[in-house]
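Let me begin by presenting the structure, written as structure tokens, before commenting on it.
Protein chains in written order, with the working numbering: chain A, 1 to 309; chain B, 1001 to 1254.
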């Protein structure tokens, strides 16, 4: 990370209101060149609205925003010539083949025929779609469509790639495959911002996490330091039909934090060995004892109530 | 300006490529049906009617069919197909993720709607020519007129579409707007058959002036008064286009 070059994104007291509701409430952050930044938060936290402001598809209600040195939304259209956007739901053209999708999209960027034809083989190779060039979109699998969406967003050789939930709804192998592609792009020097609901995705990919809730930033640091700073090192999860009897027989002592989520009890602490031992001999109990992770931090900082919509 | 035109053209070319891929079926709807109407009504009904305003009935009807076909293809594109691109395929979202503005997308779409009108009316004109129903070089001037007609009705359809939450909504526009307009704009019978107040109203709506301009052009006649008549669809086109851009800016970029 270089400190001399200007930030890729600079948001100062950025705000978005719909009526009296503050969807994004005075958030400030910079994103530097080469960063892979994840935006996390429950539904309605303001992640997608923040992304929409970033690309100029939603004007901000207050604060200042520059992307690639350009004021947004004033210069959004010109700025978008230098970024790539991968939407939450694929919006590839179903009437077109893989190559036609790339070609038509390249024209939206004002690229000439020669520049596009030169770029297409590189993108097909990157997305491992070389042998699918002439296929129509409905002949592609879900993972291929996603890779094509990413390839399409790279047609203009962007400096910044923005992805809104890039692996939602994909099976585990395909997610691994997409992650590999995204890591490769970061190694090539691209700056990436993504939103996700998957903590494992954020933990694997992102060097930095911006955790949002209710339109505010709750934490902004590396995934490792998030876990270190905000949560006890170990977690024990217990559930099963005899969980209440077990709890009555083993009242807590020592510095252990305990929470219930649905039918599962969570114990957090530096040393839970004695608690784990006490599970021996109980039938009808299921448990897992593990190191704390980003998901635990997420649940601690954003609360455990169910968010729908 | 050149840069702006290039952006509109990128949108136009996307739609043109989709159209080319399904041109056969698209032509059937936009071309075969109006030709059937022209032939059946023109020769069938025409044999009972004789001359209308100094023309054979089918000669009279030709201009009406050309005008309504131009209007219908742009209207269908502006309602159903544009809604599909915006709401179902999210094609517009993809365009707005590129360096295109809402105005670029709307103008590119409207230019395509004008083109669709030229394609369908142009083919009908060729058939009419083959049957001797259109004659002279001036008949070719019908093409820019139907382009304007497409721009006008395409923009108007987009304004209405900007309020739509489902396809059902378009039935109101077709049943309460388009159909009465066709019946009262001198397409099938001369305006003189209509009561004075109705004629007064339809003279200020965009279809009737188009029919009044195309009818003499098909017969190779020119009158400077035609340009005055075309100011009405041009005015509707300009106003609707501006409103459509504002409406979609509010709907898509909020």
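Just so you know, even glycine gets a beta-carbon here, dropped at the ideal spot from N, CA and C.
It should be emphasised that the depicted structure is a prediction, and the values quoted were computed from it without experimental measurement.
Top-ranked residue by Cα proximity to residue i, from the options
{"i": "residue 1230 (chain B)", "options": "B:1252, B:1141, B:1158 and B:1198", "result": "B:1141"}
{"i": "residue 1063 (chain B)", "options": "B:1225, B:1242, B:1212 and B:1232", "result": "B:1212"}
{"i": "residue 104 (chain A)", "options": "B:1054, B:1016 and B:1172", "result": "B:1016"}
{"i": "residue 187 (chain A)", "options": "A:271, A:33, A:117 and A:215", "result": "A:33"}
{"i": "residue 137 (chain A)", "options": "B:1144, B:1118 and B:1089", "result": "B:1089"}
{"i": "residue 1241 (chain B)", "options": "B:1157, B:1092 and B:1085", "result": "B:1157"}
{"i": "residue 262 (chain A)", "options": "A:240, A:272 and A:281", "result": "A:240"}
{"i": "residue 192 (chain A)", "options": "A:30, A:215 and A:97", "result": "A:30"}
{"i": "residue 6 (chain A)", "options": "A:37, A:69 and A:54", "result": "A:69"}
{"i": "residue 1215 (chain B)", "options": "B:1091, B:1045, B:1046 and B:1065", "result": "B:1065"}
{"i": "residue 1181 (chain B)", "options": "B:1161, B:1206, B:1169 and B:1167", "result": "B:1206"}
{"i": "residue 1054 (chain B)", "options": "B:1248, B:1190, B:1239 and B:1196", "result": "B:1190"}
{"i": "residue 1236 (chain B)", "options": "B:1026, B:1148 and B:1119", "result": "B:1148"}
{"i": "residue 173 (chain A)", "options": "A:165, A:163, A:142 and A:155", "result": "A:142"}
Per-residue contacts from residue i into chain B (C-beta, under 9 angstroms)
{"i": "residue 81 (chain A)", "result": "1098 and 1099"}
{"i": "residue 55 (chain A)", "result": "1096 and 1097"}
Counted within 10 angstroms of its Cβ, other Cβ atoms place residue i as buried (16 or more) or exposed
{"i": "residue 290 (chain A)", "result": "exposed"}
{"i": "residue 35 (chain A)", "result": "buried"}
{"i": "residue 91 (chain A)", "result": "buried"}
{"i": "residue 245 (chain A)", "result": "exposed"}
{"i": "residue 1012 (chain B)", "result": "buried"}
{"i": "residue 270 (chain A)", "result": "exposed"}
{"i": "residue 228 (chain A)", "result": "exposed"}
{"i": "residue 114 (chain A)", "result": "exposed"}
{"i": "residue 1165 (chain B)", "result": "exposed"}
{"i": "residue 40 (chain A)", "result": "buried"}
{"i": "residue 1204 (chain B)", "result": "exposed"}
{"i": "residue 251 (chain A)", "result": "exposed"}
{"i": "residue 1032 (chain B)", "result": "exposed"}
{"i": "residue 1208 (chain B)", "result": "buried"}
{"i": "residue 1116 (chain B)", "result": "buried"}
{"i": "residue 1227 (chain B)", "result": "exposed"}
{"i": "residue 1001 (chain B)", "result": "exposed"}
{"i": "residue 1072 (chain B)", "result": "buried"}
{"i": "residue 1179 (chain B)", "result": "exposed"}
{"i": "residue 1247 (chain B)", "result": "buried"}
{"i": "residue 101 (chain A)", "result": "buried"}
Interface residues of chain A facing residue i [CB-CB closer than 7 angstroms]
{"i": "residue 1021 (chain B)", "result": "95"}
{"i": "residue 1093 (chain B)", "result": "87 and 91"}
{"i": "residue 1010 (chain B)", "result": "107 and 108"}
{"i": "residue 1014 (chain B)", "result": "104"}
Neighbour flag for residue i against chain B, beta carbons, 8 angstroms
{"i": "residue 302 (chain A)", "result": "no"}
{"i": "residue 105 (chain A)", "result": "yes"}
{"i": "residue 135 (chain A)", "result": "no"}
{"i": "residue 58 (chain A)", "result": "yes"}
{"i": "residue 46 (chain A)", "result": "no"}
{"i": "residue 309 (chain A)", "result": "The pLDDT assigned to residue 309 (chain A) is 48, lower than 50, so where the model puts this residue is not dependable; a value taken from the coordinates is nonetheless given after this. No, its Cβ sits nowhere closer than 8 angstroms to a Cβ of chain B."}
Chain A contact for residue i (CB, 8 angstroms cutoff)
{"i": "residue 971 (chain B)", "result": "Residue 971 (chain B) cannot be examined here, being either before or after the span of chain B that is shown, 1001 to 1254."}
{"i": "residue 1111 (chain B)", "result": "no"}
{"i": "residue 1089 (chain B)", "result": "yes"}
{"i": "residue 1246 (chain B)", "result": "no"}
{"i": "residue 1017 (chain B)", "result": "yes"}
{"i": "residue 1215 (chain B)", "result": "no"}
{"i": "residue 1253 (chain B)", "result": "yes"}
Contacts that residue i makes with chain C (C-beta to C-beta distance below 9 angstroms)
{"i": "residue 1198 (chain B)", "result": "Absent here is chain C; the protein component of the structure consists of chains A and B."}
Cross-chain neighbours of residue i in chain B, by beta carbon under 8 angstroms
{"i": "residue 100 (chain A)", "result": "1017"}
{"i": "residue 77 (chain A)", "result": "1099, 1100 and 1101"}
Nearest-angstrom Cβ-Cβ length linking residue i and residue j, presumed shorter than 8 angstroms
{"i": "residue 243 (chain A)", "j": "residue 285 (chain A)", "result": "6 angstroms"}
{"i": "residue 294 (chain A)", "j": "residue 223 (chain A)", "result": "6 angstroms"}
{"i": "residue 77 (chain A)", "j": "residue 1101 (chain B)", "result": "5 angstroms"}
{"i": "residue 135 (chain A)", "j": "residue 86 (chain A)", "result": "About 20 angstroms separates the two Cβ atoms, so there is no contact after all."}
{"i": "residue 56 (chain A)", "j": "residue 72 (chain A)", "result": "5 angstroms"}
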